[in-house]
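Asker:
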Amino acid sequence: MSAQLLDGTRIATAIKAEVATEVAALTAAGATPGLAVVLVGEDPASQVYTRNKVKTCHALGIHSEHLVFGAETTTEQLLAVVGELNERDDIDGILVQLPLPSQCDAKRVLLAVDPDKDVDGFHPINVGRLSTQRPGLVPCTPLGVMEILRRSNIAIEGQEAVVVGRSDIVGKPVAMLLTNGHATVTICHSRTRDLPGVCRRADIVIAAIGRTGMITPEFVKPGATVIDVGINRVSDRAEFERLFAGDARREAEFTTKGSTLCGDVHPSVAQVAGALTPVPGGVGPLTIAMLMVNTVTAARRRRGLS
Ligand code: NAP
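With numbering that gives the first Met the number 0, letter number 267 in the sequence shown gets 266, and the count goes up by one each step, no holes.
#1: On a CA-only basis, which of G135, D91, E75, D88 is nearest K106? Give me that one, please.
#2: DSSP three-state label for A30, please.
#3: So what's C139 in DSSP terms, helix, strand or just coil?
#4: What separation, rounded to the nearest whole angstrom, lies between the Cα atoms of T185 and L109?
#5: Excluding the 5 residues preceding and the 5 following V306 in the sequence, name in chain order all residues of the same chain whose CB lies nearer than 6 angstroms to its CB.
#6: Looking at the unbroken beta strand (DSSP E) that takes in N231, where does it start and where does it end?
#7: Would you check whether the ligand NAP has a heavy atom nearer than 8 angstroms to the C-beta of H265?
#8: Using CA coordinates, which residue listed in D202, T255, K171, N293 is at the minimum distance from A160?
#9: Would you kindly check if the distance between the Cβ of L25 and the Cβ of V295 is under 9 angstroms?
#10: With 16 as the cutoff for other CB atoms within 10 Å, does K52 come out buried or exposed?
#11: Would you list the one or two residues that DSSP bridges to Q3?
#12: Hey, could you find the ends of the alpha helix (DSSP H) V282 is sitting in?
#13: With the cut-off set at 9 angstroms, would you say T224 and L5 are in Cβ contact?
#14: According to DSSP, is I205 part of a helix, a strand, or is it coil?
#15: How many whole angstroms separate the CB atoms of I205 and I230, which I take to be in contact at a CB cut-off of 8 angstroms?
#16: Of the residues V118, T215, T255, which one's Cα is nearest the Cα of R241?
#17: Measure from the alpha carbon of K171 to the alpha carbon of each residue in D117, E156, S130, then state which is nearest.
#18: Looking at the unbroken beta strand (DSSP E) that takes in I226, where does it start and where does it end?
#19: Per the DSSP calculation, C187 is bridged to which residue(s)?
#20: CB-CB under 8 angstroms to S166, same chain, minus the five flanking residues each way: which ones, in chain order?
#21: Grouping DSSP H, G and I as helix and E and B as strand, with all else coil, what is E64?
#22: Put A182 into one of helix, strand or coil per three-state DSSP.
#23: Using 8 angstroms as the cut-off, classify the Cβ of S258 as near or not near the heavy atoms of the ligand NAP, replying yes or no.
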């Protein structure tokens, strides 16, 4: 048996096409959605992420601004920037790229973002809205996980779901979304006893751990759906062999680039699971797509549109 691969790239492309149509309608009504992406410092990964977000906005017709500040920027300066963006009517979404340099108080900065423009969904007001099922903005990666399940016709209601990882960004919100979708949800973490046994109860396993290939076939009930949120770079040859021995395509990539990407799920899980998201090309592409969705959602709500 080999699991059905859930193609996140295809799903993200469909979502972005839907967003572009909505943006065109909003623009025709004189209400183009606007996103401000704030980058502080010169972290190369953050530069790539923010550039991709702005590029995707352009492709979909969303107005976007890439605000770049030096690595020495203070918390007070950032608070002033966020304050101005909060006041601007043409900006519907504000995204402060994390991590911030160490002198910046990230919690204070994120708390300063107007919750109705908080397209990352990290503000405590939005966390509260999610847990009490009020309209709000929900973190992008967990929303993406739900879209993969929904668009792949994977039942949630009444199912046993196990989420491995309890971060504020992924684990907790995805567990809340699954609970709101009427799954029976167990949240696991580094202190969970008998993690393989708990995971084996699940109809749906969500892995958001940050540990390369940790979820092996012994964690998975035959036929279960496995969603792999992890993104880990593998550059060690022995580690590569543990994960991808015999995979000619990966071998070629590893030889050329010196590394490859792997999720938190071991590739051999494909022999046991009913459905599985690949890495890359699974949850990853959904994160930017859902940021675009959140920007449009914020724009509609701020303008009193349904
Ligand atoms: P995180 O904040 O480091 O949280 C990791 C969670 O995993 C923690 O709750 C931790 O437990 C748990 N954990 C760690 N080791 C474990 C073990 N041996 N057994 C059981 N649980 C364990 O990470 P995150 O931000 O949620 O991200 C998780 C992964 O998703 C990373 O690979 C990250 O790169 C990826 N990610 C991908 C996207 C995307 O767009 N696809 C977006 C965000 C994150 P404790 O709480 O007990 O420490």
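Cβ atoms here follow ideal geometry from the backbone N, Cα and C, with glycine treated the same way.
Answerer: On the basis of the data shown:
#1: As a working mapping, residue 106 is identified with position 107 in the sequence shown. Among G135, D91, E75, D88, the Cα nearest to that of K106 is on E75.
#2: Translated into positions along the sequence shown, residue 30 becomes position 31. In the structure shown, A30 sits in coil (DSSP, three-state: anything other than H, G, I, E or B).
#3: Along the sequence shown, read from residue 1 onward, the residue named residue 139 stands at position 140. Reduced to three states, the DSSP call for C139 is helix.
#4: Reading the sequence shown from its first residue, position 186 is the one you call residue 185. Reading the sequence shown from its first residue, position 110 is the one you call residue 109. Separation of T185 and L109 (C-alpha to C-alpha, rounded to the nearest whole angstrom) is 28 angstroms.
#5: Any question about residue 306 goes unanswered here, given that the chain covers just 0 to 305.
#6: Stepping through the sequence shown from its first residue, residue 231 is reached at position 232. 231 to 233 is the span of the beta strand (DSSP E), which, as asked, contains N231.
#7: Within the sequence shown, residue 265 is the residue found at index 266, counting from 1. No; taking the cut-off as 8 angstroms, the Cβ of H265 has no heavy atom of the ligand NAP nearer than that.
#8: The residue you call residue 160 lines up with position 161 of the sequence shown. For A160, the nearest C-alpha among the options comes from D202.
#9: Within the sequence shown, residue 295 is the residue found at index 296, counting from 1. Within the sequence shown, residue 25 is the residue found at index 26, counting from 1. It is a contact, given that the beta carbons lie within the stated cut-off.
#10: As a working note, residue 52 is residue 53 in the sequence shown. Buried.
#11: For this step, residue 3 is matched to residue 4 along the sequence shown. Answer is A274, bridged to Q3.
#12: Taking the first residue of the sequence shown as position 1, residue 282 is located at position 283. Element bounds for V282: n/a, residue is neither H nor E.
#13: Along the sequence shown, one-based indexing puts residue 224 at 225. Along the sequence shown, one-based indexing puts residue 5 at 6. Yes. Within cutoff.
#14: Along the sequence shown, read from residue 1 onward, the residue named residue 205 stands at position 206. The answer is strand: DSSP assigns I205 an E or B state.
#15: Taking the sequence shown and counting its residues from 1, one reaches residue 205 at position 206. Taking the sequence shown and counting its residues from 1, one reaches residue 230 at position 231. Not quite, the Cβ-Cβ distance comes to about 14 angstroms (not below 8 angstroms), so this is no contact.
#16: One-based indexing of the sequence shown puts residue 241 at position 242. Per the Cα distances, T215.
#17: In the sequence shown, the residue the question calls residue 171 occupies position 172. Among D117, E156, S130, the Cα nearest to that of K171 is on S130.
#18: Taking the sequence shown and counting its residues from 1, the one referred to as residue 226 is at position 227. Segment 224 to 227, the beta strand (DSSP E) holding I226.
#19: Working through the sequence shown from its first residue, we reach residue 187 at position 188. In the DSSP output, where bridge partners are listed per residue, C187 has V163.
#20: Here residue 166 corresponds to residue number 167 of the sequence shown, with the count starting at 1. The answer, listed in chain order, is A207.
#21: Working through the sequence shown from its first residue, we reach residue 64 at position 65. Three-state DSSP puts E64 in a strand.
#22: Start at 1 with the first residue of the sequence shown, and residue 182 comes out as number 183. Here A182 sits in coil by DSSP.
#23: Looking up residue 258 in the sequence shown gives position 259. Checking every heavy atom of the ligand NAP against the Cβ of S258, none is found closer than 8 angstroms.
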